[in-house]
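Using numbering that gives the first Met the number 0, read the sequence shown as starting at 0 and increasing by one per residue.
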Amino acid sequence: MSGSMRMASSVAWPCLAVVVAVAALMIGLVAPAEARKEGKQSIGYYELRRGEFSIVVTNWGATILSVNLPDKNGKIDDVVLGYKKIGSYVNDTTYFGALVGRVANRIAGGRFTVKGQPYHTYKNDGNNTLHGGHRGFNQVFWSVRERVTGQFPYITFYYRSYDGEQGFPGALDVLVTYKIDGDDSYSVTMYARPVDKPTPVNLAQHTYWNLRGHGNGTILDHAVQIFASAVTPVDADLIPTGAVTPVAGTPFDFRTPAAPGAHIADVPGGYDINYVLDGEADGQGVRKVAVVSEATSGRVLELWSDQPGVQFYTGNFLKGDEGKGGAHYVKHGGLCLETQDFPDALHNPKFPAEIYRKGQVYKHYMLYKFSLAN
Numbered sequence: 000m001s002g003s004m005r006m007a008s009s010v011a012w013p014c015l016a017v018v019v020a021v022a023a024l025m026i027g028l029v030a031p032a033e034a035r036k037e038g039k040q041s042i043g044y045y046e047l048r049r050g051e052f053s054i055v056v057t058n059w060g061a062t063i064l065s066v067n068l069p070d071k072n073g074k075i076d077d078v079v080l081g082y083k084k085i086g087s088y089v090n091d092t093t094y095f096g097a098l099v100g101r102v103a104n105r106i107a108g109g110r111f112t113v114k115g116q117p118y119h120t121y122k123n124d125g126n127n128t129l130h131g132g133h134r135g136f137n138q139v140f141w142s143v144r145e146r147v148t149g150q151f152p153y154i155t156f157y158y159r160s161y162d163g164e165q166g167f168p169g170a171l172d173v174l175v176t177y178k179i180d181g182d183d184s185y186s187v188t189m190y191a192r193p194v195d196k197p198t199p200v201n202l203a204q205h206t207y208w209n210l211r212g213h214g215n216g217t218i219l220d221h222a223v224q225i226f227a228s229a230v231t232p233v234d235a236d237l238i239p240t241g242a243v244t245p246v247a248g249t250p251f252d253f254r255t256p257a258a259p260g261a262h263i264a265d266v267p268g269g270y271d272i273n274y275v276l277d278g279e280a281d282g283q284g285v286r287k288v289a290v291v292s293e294a295t296s297g298r299v300l301e302l303w304s305d306q307p308g309v310q311f312y313t314g315n316f317l318k319g320d321e322g323k324g325g326a327h328y329v330k331h332g333g334l335c336l337e338t339q340d341f342p343d344a345l346h347n348p349k350f351p352a353e354i355y356r357k358g359q360v361y362k363h364y365m366l367y368k369f370s371l372a373n
């Protein structure tokens, strides 16, 4: 096979024209008619391809359905978990490949206050709100705002979240762009802008990875490196305590590559925790988040982002879910690396703030780079 899958020494940043175009869409954005007529929308499937590397996305939940790339022997596999039929994504609680929000992760008690005004969000995780409620951004139609084919194809989805949706204040315009930036790399760029009221925003991309190929056992033997020296510990309901504690000497230490299975028995329930990312961001506010590799396939995934944290999750709640191609996803059958603001920041003033006012723009950038181990 060609050398295009080899690790590049530099990061491919998004095309400036794309960034400018997306930013322009946020200015004076109005909800298109099709966004208001959800019942008349249909589900679309969109492939972005560059050579042997491709991703497939849908406007239902702005979801990534597949990521296909060669292994060290040239065999092409789909390396993300997902369902065989789109109907399975409706009311899904695994969040396979979804764009989650308005606030990703958990909000303790399903309540918060903005400028003295209390708000109550839909509780879909015991007494807490998870990933925006039972009908978050993963459970709605998004409209296609822009689609470009060619050497660096991309697609931009748009959704207007209405005032009071799932209990959140104010209307919110949201855009997400999936773009193939180069050989074996793609980016996810998320923008959101409050229309009329201050509101919390914390979006996340919830793809499950198995670099051996979806449905091919667990990820417990993958090598994972996370560039973080601390975590935000959680209570029994997976709500952060407000503390920030070092990973040194604990099962959460992935500063050097390690297999999740090595110490998962010492982590009740498995890994599902926010890491506080290390290092200075570069001139564009981006830093390396994690590197995941798998020996059998030789595949390596490198993740970069501009967010302060990343949720590392080892598919603890998978239990034989039926997926694509007749696959059944066993517990720990995939791992997630969800870059984000810190969970439950609405109740922890020491965490980075996630309230955005009218006119402010939330931005969240992720870059996935794939290569083959030398």
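Just so you know, even glycine gets a beta-carbon here, dropped at the ideal spot from N, CA and C.
{"Check": "Measuring only the C-alpha atoms, how far is Asp340 from Leu47?", "Outcome": "28 Å"}
{"Check": "What number of angstroms, rounded off, separates the C-alpha of Arg49 from the C-alpha of Tyr207?", "Outcome": "22 Å"}
{"Check": "Excluding the five sequence neighbours on either side, which residues of its own chain have a C-beta within less than 7 Å of the C-beta of Phe251, listed in chain order?", "Outcome": "Val230, Ile272"}
{"Check": "Could you tell me the boundaries of the beta strand (DSSP E) in which Ile54 lies?", "Outcome": "52 to 57"}
{"Check": "Would you say Arg192 and Ser228 are within 8 Å of each other, going by their C-beta atoms?", "Outcome": "no"}
{"Check": "How many Å lie between Val299 and Pro256 at the Cα?", "Outcome": "12 Å"}
{"Check": "Mapping the DSSP letters down to three states, classify Gln224 as helix, strand or coil.", "Outcome": "strand"}
{"Check": "Using DSSP with H/G/I as helix, E/B as strand and the rest coil, what is Leu193?", "Outcome": "Before going further, note that residue 193 is Pro rather than Leu in the sequence given. Strand."}
{"Check": "So, does the segment 51 to 64 touch the segment 77 to 90, judging by three or more C-beta pairs under 8 Å?", "Outcome": "yes"}
{"Check": "Using DSSP with H/G/I as helix, E/B as strand and the rest coil, what is Ala229?", "Outcome": "strand"}
{"Check": "Any idea if Glu293 is buried or exposed, counting beta-carbon neighbours within 10 angstroms, 16 or more meaning buried?", "Outcome": "buried"}
{"Check": "Opposite Arg298 in the DSSP bridges: which residues?", "Outcome": "Leu371"}
{"Check": "Using the C-alpha atoms, what's the distance from Val187 back to Asp76?", "Outcome": "21 Å"}
{"Check": "For Phe311, list the residues DSSP reports as bridge partners.", "Outcome": "Ile272, Leu336"}
{"Check": "Pick from Leu202, Tyr157, Asp70, Val55: whose alpha carbon is nearest that of Ala103?", "Outcome": "Leu202"}
{"Check": "Count the other CB atoms, across all protein chains shown, that sit within 10 Å of the CB of Asp182; report buried if there are 16 or more and exposed otherwise.", "Outcome": "buried"}
{"Check": "In the DSSP assignment, what are the bridge partners of Thr217?", "Outcome": "Bridge partners of Thr217: none, in fact."}
{"Check": "Quick one: using the 10 Å Cβ neighbour count with 16 as the cut-off for buried, is Lys287 buried or exposed?", "Outcome": "buried"}
{"Check": "How is Gln359 classed by DSSP in three states: helix, strand or coil?", "Outcome": "coil"}
{"Check": "If you draw a straight line from the alpha carbon of Ser8 to that of Pro267, how long is it in whole angstroms?", "Outcome": "Only weak support exists for where Ser8 lies, its pLDDT of 30 falling under 50; the coordinates are left without a value."}
{"Check": "Pick from Gly166, Gly81, Asn126: whose alpha carbon is nearest that of Gly100?", "Outcome": "Gly166"}
{"Check": "How should Gly333 be labelled, buried or exposed, when 16 other C-beta atoms within 10 angstroms of its C-beta is the threshold for buried?", "Outcome": "buried"}
{"Check": "Pull up the DSSP beta-bridge partners for Trp303, would you.", "Outcome": "Lys287, Leu366"}
{"Check": "From Tyr361 to Phe140, what distance separates their C-alpha atoms?", "Outcome": "21 Å"}
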